[in-house]
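Remarks on the structure that follows.
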Amino acid sequence: MKPLLNTLYVQAQGSYLRLDHETLKLEVERKLVGQVPLQHIGGMVVFGNVMVSPFLMHRFGDDGRSLVWMSQAGRFKCRLSGPVTGNVLLRKAQYTAQSEPTAAFHIARNIVAGKVKNSRTVVQRAAREAEDAADRVALEEASTFLAASLRAAGRARSLDEVRGVEGRAGRVYFEVFGRMVRMNRDAFVFNGRNRRPPRDRVNALLSFVYALVRGDCVAACEGVGLDPQFGYLHALRSGRPSLALDLMEELRPVIADRLVLSLINRQQLSGRDFEPRPGGSVNLTEPGRKTVLAAYQSRKQKETTHPVIGQSVPLGLVPHLQARLLARHLRGDSAAYLPFTPK
Amino acid sequence: MPGGWAEEELVMISALEHYSYCPRQCALIHVEHVYDENLYTLRGTRAHTRAHDENESGSEEGVRIERGMPLFSERLGLIGKSDIVEFGPDETPFPIEYKVGPRKENHHDDLQLCAQALCLEEMFGGGVPAGAVFHHSSRRRREVVFTEGLRRETEEAVGRVREMILASEVPPPVADARCPKCSLFDACMPFTLAQMDVKAGLARLFDPER
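Read top to bottom, the protein sequences are chains A and B.
Basically this note's numbering = 1-based index in the first sequence + 12.
Basically this note's numbering = 1-based index in the second sequence + 1.
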């Protein structure tokens with residue numbers, strides 16, 4: 013199993029990253045404030061005004077390490093990509109699958125089933141832990157609905173049907189999401205998912221963590237030679253990493269939503285880690301983001317049993333493994349794409 | 002480039018060794034162009050860097066040494082590069098292949114070396130009866146004699162590799178003792194694919210209670 017290398021997140025404004033032999037050096041105002049051997053770094057995410065030397069970029073491109081630029085507030089801006097290499101036959105199979113009526117549909121259907129199943133696991137756990145009776149009842153009802161959605165996904169016969177199942181399941185899931193918040197409910201009010209911009213703290217947190225997972229999913233697609241823009245569940249749209257978003261669906265509940273809930277419920281974050289913006293949107297503060305990034309990194313190190321592979325892997329490697337499983341399916345090595353559905 | 006062959010019909014000498022070790026490994030490298038580095042391949046690259054450096058060619062004790070010589074065979078549609086070819090006083094080429102691993106009888110190496118010999122015979126117009134595998138770790142040479150049987154086997158392997166690559170065929174994983182040491186283990190997923198029960202997996206996926 014390949015080692016899970018760390019992602020380095022840099023948000024010190026005005027800092028400069030450069031390569032010194034095999035070491036990555038971080039300078040702020042020309043003073044060295046940190047250094048990491050390159051061999052420990054799998055990728056890097058930089059926020060806002062962080063400069064990266066050309067030679068460091070070259071090296072990342074050569075090695076296939078990911079480098080993502082975010083706005084200072086954590087919105088995805090762009091990423092570095094090295095030369096297009098590797099398996100053109102894999103990419104051809106990826107494109108061909110869309111024109112084969114059943115292939116694309118089956119991939120999308122299984123991804124949606126994975127997402128619904130994993131969402132339900134999150135809801136069930138919250139229902140068990142709920143202290144308030146009304147919360148428990150609502151969560152149990154949602155769990156029943158999601159069970160029905162899962163069966164409906166299995167019966168679906170077209171991509172449209174699958175997308176319909178996903179839409180309804182998503183709505184029900186976010187209707188009860190606020191009930192999974194057990195601490196600090198005054199600060200963490202949630203009335204449905206909104207974004208661009210997020211209008212409350214929970215949405216701000218969800219958006220930020222989803223952006224991180226999305227970056228990892230793009231890197232996972234590229235790492236195994238898949239085109240991150242060409243997906244099945246998500247319609248193709250210029251500039252949209254549809255396949256990475258597909259891959260992300262089944263992982264959202266496990267990697268992102270659980271993290272968001274535990275950051276709030278373990279009171280690792282408080283209302284003060286967010287700042288209101290004029291006009292009603294909400295951002296994480298810099299210390300708030302720091303807390304989230306550290307928690308995200310440590311969540312990625314957490315070992316989990318992968319039901320398809322049948323062995324324990326760090327959660328952070330799961331996007332890569334799923335991208336690999338998808339690639340192997342597209343190349344005809346397995347009859348179906350099986351999503352990651354931990355018990 | 003040998004003239005009678007289309008670019009895609011040419012077989013790399015290194016593919017023969019891969020093929021003889023594991024046809025899927027060969028297909029992953031030469032059909033899918035998957036390449037993952039691991040400790041073994043990194044060591045191999047390092048050891049080969051010097052062997053392949055043509056600037057270090059020269060003469061030692063009456064034996065002329067060529068490093069990194071491009072090799073080809075028109076007849077077989079075979080191309081590659083030698084590690085080292087020694088030319089003795091009678092100018093008979095003697096190919097030497099560098100290996101990082103420990104010294105052991107290894108048929109895959111023999112096949113690769115024999116393919117080099119077949120190229121050298123065509124390029125220099127004389128017989129190449131033997132060559133050697135040099136083991137980097139033990140610094141020992143193992144001599145390989147190119148018998149009729151080995152030559153026939155090598156030529157047959159060239160044909161099979163060409164067919165596989167032209168058909169873009171990727172054989173299923175072998176999932177045996179070879180796999181854990183293979184540099185392509187992660188990309189190949191041999192045990193995962195071999196043990197994967199898709200039917201059971203799908204049944205579990207759509208069942209809320211499992």
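Even glycine gets a Cβ: it sits at the ideal position worked out from N, Cα and C.
Item, Value
"Rounded to whole angstroms, how far is the Cβ of Pro331 (chain A) from the Cβ of Asp258 (chain A), which I believe are closer than 8 angstroms?", "11 angstroms between Cβ atoms; not a contact."
"Applying the 10 Å Cβ sphere with the 16-neighbour rule, what's the burial state of Leu40 (chain B)?", "In this prediction, Leu40 (chain B) scores a pLDDT of 49, lower than 50, which makes its location untrustworthy; the coordinate-derived value is nonetheless stated afterwards. Its Cβ having fewer than 16 others within 10 Å, Leu40 (chain B) is exposed."
"Apart from the five residues on each side of it in sequence, which residues of its chain come closer than 6 angstroms, Cβ to Cβ, to Gln23 (chain A)?", "Phe59"
"Is Glu87 (chain B) close to the ligand FMN? I mean its beta-carbon at under 7 angstroms from any heavy atom of the ligand.", "The ligand FMN is not part of this structure, which contains no ligands at all."
"Could you round the C-beta distance between Leu333 (chain A) and Asn122 (chain A) to whole angstroms and report it? I think they count as a contact, below 8 angstroms.", "Their Cβ separation, rounded to whole angstroms, is 15 angstroms, which puts Leu333 (chain A) and Asn122 (chain A) out of contact at 8 angstroms."
"With contact counted as at least three CB pairs below 8 angstroms, one residue from each stretch, are the stretch 128-135 of chain B and the stretch 143-150 of chain B in contact?", "yes"
"Roughly how many angstroms separate the alpha carbons of His52 (chain A) and Val230 (chain A), rounded to a whole number?", "20 angstroms"
"State yes or no: is the C-beta of Lys37 (chain A) within less than 8 angstroms of the C-beta of Gln47 (chain A)?", "yes"
"Measuring CA to CA, which of B:Ser138, B:Pro71 and B:Phe125 is closest to Val101 (chain B)?", "B:Ser138"
"From the beta carbon of Asn130 (chain A), is the nearest beta carbon of chain B less than 8 angstroms away?", "no"
"By the three-class DSSP mapping on this structure, what secondary structure does Ser346 (chain A) have?", "coil"
"Using a Cβ-Cβ cut-off of less than 7 angstroms, give me the residues of the stretch 142-160 of chain A that come near chain B, in sequence order.", "Ala159"
"What is the DSSP secondary structure of Thr133 (chain A), counted as helix, strand or coil?", "helix"
"Distance check for Phe186 (chain B) and Met195 (chain A), CA to CA, integer angstroms please.", "45 angstroms"
"Taking the alpha carbon of Arg76 (chain B) as the point to measure from, which residue in B:Gly89, B:Met124 and B:Phe207 has its own alpha carbon closest?", "B:Met124"
"Taking the C-alpha atoms as reference points, what is the distance between Arg179 (chain B) and Leu217 (chain A)?", "46 angstroms"
"How many angstroms separate the CA atom of Gly190 (chain A) from the CA atom of Tyr22 (chain B)?", "57 angstroms"
"Please classify Cys358 (chain A): is it buried, with 16 or more other beta-carbons within 10 angstroms of its beta-carbon, or exposed?", "Here chain A covers residues 13 to 355 and nothing more, so residue 358 (chain A) does not appear."
"So that I know if they touch, is there some Cβ in chain A lying closer than 8 angstroms to that of Gln26 (chain B)?", "no"
"Excluding sequence positions up to five away, which residues of its chain have a Cβ less than 6 angstroms from the Cβ of His109 (chain B)?", "Glu18, Ser21 and Tyr22"
"Would you decide whether Lys129 (chain A) is buried or exposed? Buried here means 16 or more other CB atoms lie within 10 Å of its CB.", "buried"
"Rounded to whole angstroms, what's the CA-CA distance from Asp212 (chain A) to Val294 (chain A)? Just pull it up for me.", "6 angstroms"
"Using CA atoms only, rank isn't needed, just tell me which of A:Thr156, A:Leu171, A:Met69 and A:Val149 is closest to Phe117 (chain A).", "A:Leu171"
"Can you pull the chain B residues whose beta carbon is under 8 angstroms from the beta carbon of Gly126 (chain A), in chain order?", "Leu206"
"Where does Gln84 (chain A) fall in DSSP's three states?", "coil"
"Which whole-angstrom value describes the C-beta separation of Leu255 (chain A) and Leu281 (chain A), a residue pair presumed to lie in contact below a C-beta threshold of 8 angstroms?", "About 31 angstroms; that fails the 8 angstroms criterion."
"Can you tell me whether Ala116 (chain A) is helix, strand or coil according to DSSP?", "helix"
"Quick one: which chain A residues come within Cβ less than 8 angstroms of Met197 (chain B)?", "Val320, Ser346 and Leu350"
"By the three-class DSSP mapping on this structure, what secondary structure does Phe186 (chain A) have?", "helix"
"Relative to the C-alpha of Leu151 (chain A), which residue among A:Arg163, A:Ala138 and A:Glu143 is closest?", "A:Ala138"
"Are there 16 or more other CB atoms within 10 angstroms of the CB of Phe186 (chain A), so buried, or fewer, so exposed?", "buried"
"Beta-carbon of Cys317 (chain A) versus every beta-carbon of chain B: anything under 8 angstroms?", "The question names Cys, but residue 317 (chain A) is Thr in the sequence shown. It does not: the Cβ of Thr317 (chain A) has no partner Cβ on chain B nearer than 8 angstroms."
"Hey, how far is the Cα of Pro90 (chain B) from the Cα of Gly126 (chain B)?", "16 angstroms"
"Taking Cβ-Cβ distances shorter than 8 angstroms, what residues in chain A pair up with Ser15 (chain B)?", "Per Cβ cutoff of 8 angstroms: no residues; Ser15 (chain B) is ~18 angstroms from chain A at best."
"Hey, would you say Gly94 (chain A) sits closer than 8 angstroms to Asp74 (chain A), going by beta carbons?", "yes"
"Three or more beta-carbon pairs under 8 angstroms between the stretch 267-277 of chain A and the stretch 302-314 of chain A, yes or no?", "yes"
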